[in-house]
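Since the structure comes first, as structure tokens, the remarks are kept for the end.
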Amino acid sequence: MDSGLTRQWIALVAVVGVGVSILLALLSFRSPASRPASAPEGGFSAKRAMAHVYAIAQRPHPIGSSENARVRAYLVAELTKLGLAPEVQEATSIAEFITPFGPKYRPAAVVRNIIAKRPGRSSERAVLLMAHYDSVPAGPGANDNATAVAALLETARALTHTGRTLERDVVFLFSDGEEVGLLGAKAFFERHPLRHKLGVVLNFEARGSGGPVLMFETGPKSGWMVSELASAVPYAFASSLFDEAYRHLPNMTEFTLAKEAGLPGLNFAYIDGINTYHSALDRPENVDPRVVQHHGEYALRLVRRLGEGELPRGDASDRVFFNLPGPALIVYPAAWSMPLALMAAVLWACVAARGLRRGRFRAASALWGALAFLLQLVVLVVVAVVLGLLADATNEEFRRIGHTYDGGLYLAGLMALCLAGTATLAALLRRRVGVYALAVGASFWWALLAVLTAALLTGFSFLFVWPLLGAALGLELLPDVDAPRPAAGRLLVSLLLSTVPASLVVAPLIQLSFVGLTLRMGAVAALMAGLLLGLFIPLLHELRAARRWSLPAGALVVGGALVALASLPAAPTPERPRANNLVYALDADTGRALWATSDARLDAWTQQFLSGEVKEGPLPDFLPRWGRDFLHGPAPVLSTTPPTLAVLDDAVSGERRTVGLHIGSPRGARSAVVSVSGVPVLAYALDGQPGPTAQAPDTSPGAESEWVLWLEALGQEGNTLRLTVPAGRRFTLRVVDRSDGLPELPGLNVAQRPPYMIPAASLDVENWGNSTYVGRAFPMTAHPGSATVRQAPR
């Protein structure tokens, strides 16, 4: 057989091997099949759990709503049916966060957590399973978080069929107010007596509508729990890379409160299908039953393992862990990371030195290869950024959530463009630098990153160590590619060693990073793909055939076509609706009302409200502390009663003035925003619960100029707010109450949203659209008793 043809067959076999390994790795990251209602009573059945999802997620049920109360009653009834004695913890909870929306986000509400305990033989070191039961106002919350709640209910039911009492208590916490600032979990971990009896915590969440349920975060001293996870759950998907990365992100879940309490534990969530997240699409019919089964497998298997076995004390040793197809969860002590990294790096260095001594490449060529490969990585990152800009210019969904309905096409196009870039590099430098030198230069960065991550980001180290070992062995076996007849078997083994181990480890993480970080941060996926393809350089050389530009040109055409297809405007449908944002706002002091939207442009539906003179700018008198600009125009004045404020007491002590206030909403608004301008707030308390105020508030120039408290669940009786401010200074209180939905205005005939439109998802505190706001200001004089407001004028 012709030697060229033989080499082409070798390359094709290697491509098949790589393709199979990538396919196996990707297919392994799937949730287990859902089990029917006929599954054994002692096992978990997604079909049984889905009945709870449909019952819970009938309508949006945000904190403080009547639907929230309905869901709470349902959960209490279901837990009671299981022979448990659920209690409702009612507590005022206040939090403070530094956020992009302003100096502080202070949510506060009366939360109502549901807590049920399944007694074991010991009440010490109980196992806590938790999930929040509230939703955002924009959607029914079927995935976020009815699936987790349903999984815990089904877990509680299955435990009644164990036939024996577990060694320790199992506590179920269904928390309230997670969506507005983790308020329910905060109240539990700060004040509930059971917090002192806990040994481990398992939290269940969702950010999307599908994909495997990932264990993405561990608590303090939880290394031993990763080992328990690996042995207890056959479909355990986890990575120390997720855990390490999450520590450096600003994201939080209720598990954050468990970590702050020093409790070991594990945090679970699925993240694919972000288009449904916090939106009207988050309906039960958009739930994949497999994710419910996966939640349940984790919960039931782990609670049985942890509820029976010994719980180590003081195990502070971290673990490095990752998946291989099977799925197999590989776990080893983090202390092994540096020795393994040094072993891989030394092996690579020995192979490179041996190649240099044998004259297979020159040091200068390898240096040029390393620099060229680094430049190529920069180019790929730029390409990913450009794709994000393209999506921003062509896709409304991207502007809202950082992702698109066609995110898979963008990912495939980006991967093809990364292949085109690496193949171009190999074609350009094949003769000037040499294939072996270019391969050494590309793998140098793997060796460097293996050592650096082992030292600085231990959870990342496996990503570079194990592929580097394969790459080093592949380089050692790589025959002279310029020889007319290289040893066929040796060439094949070399190509497979260089590519298959890396593909098994890295390929699934490229896909998960793109799903998790979205197209907005597609540069991360591009960087990982570029690094991976650097180990493919010998294979790309063998694939070049007679025309060295056929592969890069073909990959470029395919990538460009996929990106173009993803960027084509598509008509919205009920399955892929277009979102828009609209609010009604009334300033009761001036009698001025307006429609406003945070959308970049008006569409056919919002134009019917903003049909006259449309302006753009901030609306501090209507929507306090929203820093963004709004498109807005005049609206009819709603005949309604504005929020009320009554001064209960007002006294001065030394240099401090303390004012007791009652805030109410006669129109029954669900929430309100209270702002104070003109003075710093030195201390405050809501319904007797002190707020977390710093001992020395910052009064320097540029500090917080307007203090804001978000009352996320106004009770029917309102709330009592006590403020301490500097004495002898005037200030203004402003109260803006907020109700879900747009008002019905007499004489205003507008079309309802068509089936292919939905309200914008509730992704941040600036985007609670489809709401009605009514506000008024209450000036306070410099001294108590001279002109205080006793009740808001009608």
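Under our numbering, the first residue of the sequence shown carries the number 107, and numbering increases by one thereafter.
Glycine residues also receive a C-beta, built at the ideal position from the N, C-alpha and C atoms.
*Measure the beta-carbon distance from residue 305 to residue 271 and round it to whole angstroms, keeping in mind my assumption that it falls under 8 Å.*
With 8 Å as the limit, residue 305 and residue 271 do not qualify as a contact, their Cβ atoms being about 17 Å apart.
Cβ pair count under 8 Å reaching 3, the stretch 145-158 against the stretch 352-371
no
Cut-off 6 Å between Cβ atoms - residues of its own chain near residue 219, not counting five sequence neighbours on either side: 195, 281, 282, 290, 294
Open item on the list: I'd like to check one pair, residue 716 with residue 744: are the Cβ atoms closer than 8 Å?
Closed with: no
Exercise for review: Assuming residue 783 and residue 811 form a contact by the criterion Cβ under 8 Å, report the distance between their Cβ atoms to the nearest whole angstrom.
Suggested key: 7 Å
Can you tell me whether residue 807 is helix, strand or coil according to DSSP? Note that residue 807 has pLDDT 45, beneath the 50 cutoff, so the model's placement of it is unreliable and no number is given.
For this session: Mind checking which residues open and close the alpha helix (DSSP H) that includes residue 507?
Result: 502-507
*asked:* Cutting at 8 Å between CB atoms, please list the residues of its own chain near residue 116, excluding the five before and the five after it.
replied: 594, 597, 598, 601, 648
Let me confirm a value: residue 354 is counted as buried when at least 16 other C-beta atoms fall within 10 Å, else exposed. Which label applies?
exposed
- prompt: For residue 720, which of 727, 735, 785 has the nearest alpha-carbon?
  reply: 735
inquiry  = Rounded to the nearest angstrom, what separates residue 263 and residue 256 at their Cα positions?
reply    = 11 Å
Taking the alpha carbon of residue 192 as the point to measure from, which residue in 174, 216, 224 has its own alpha carbon closest?
224
task = Could you spell out where the alpha helix (DSSP H) holding residue 359 opens and where it closes?
result = That residue, residue 359, is in no alpha helix (DSSP H); it is neither H nor E in DSSP.
- Message: Check this for me: beta carbons of residue 694 and residue 506, under 8 Å apart or not?
- Response: no
### Message
If you reduce the DSSP assignment to three classes, tell me which class residue 857 lands in.
### Response
coil
Worksheet item: Which class does residue 878 belong to by DSSP, given the choice of helix, strand or coil?
Response: strand
Item checked: Chain-order list of residues whose beta-carbon lies under 6 Å from that of residue 561 (same chain, five-residue window excluded) -> none
Taking 8 Å as the threshold (C-beta atoms), are residue 580 and residue 603 in contact? yes
Note to self: Let me make sure I understand the geometry here. Which of 765, 338, 866, 852 has the alpha-carbon closest to that of residue 832?
What the structure shows: 765
Q | Own chain, CB closer than 7 Å to residue 526, minus 5 neighbours either side, in chain order | A | 658, 661, 662, 665
I'd like the span of the alpha helix (DSSP H) that includes residue 335, first residue to last. 329-338
Does the beta-carbon distance from residue 797 to residue 204 come in below 8 Å?
-> no
Q: Quickly, what does DSSP pair residue 838 with across the bridge? List them, please.
A: 783, 885
Requested in this report: Thinking residue 556 and residue 544 are a contact (beta carbons under 8 Å), I'd like their distance in whole angstroms, please.
Outcome: Not confirmed; about 19 Å, so no contact.
- Query: Is residue 165 closer than 8 Å to residue 246 when the C-beta atoms are compared?
  - Reply: yes
message: Can you tell me which residues form a DSSP beta bridge with residue 737?
response: 703, 722
- Query: Can you check whether the CB of residue 384 is closer than 8 Å to the CB of residue 867?
  - Reply: yes
Check: In this structure, what does DSSP give as the bridge partners for residue 317?
Finding: Bridge partners of residue 317: none, in fact.
| Looking at the C-beta of residue 576, does it have a partner C-beta in chain D at a distance below 8 Å? | The question asks about chain D, but that chain is absent: this structure has only one protein chain.
Next item on the list: From the DSSP output, in three-state form, read off residue 495 for me.
Entry: helix
DSSP-derived helix/strand/coil call for residue 384: coil
At least three beta-carbon pairs within less than 8 Å, the stretch 175-187 to the stretch 769-779
no
Nearest to residue 284 by alpha carbon, out of 310, 855, 482, 656? 310
Kindly indicate the opening and closing residues of the beta strand (DSSP E) around residue 429.
425-430
Give the DSSP bridge partners of residue 400, in chain order. Per DSSP, none; premise fails for residue 400.
Give every residue of the same chain whose Cβ lies closer than 6 Å to the Cβ of residue 771, excluding the five residues on either side of it in the sequence, and list them in chain order. 749, 820, 843
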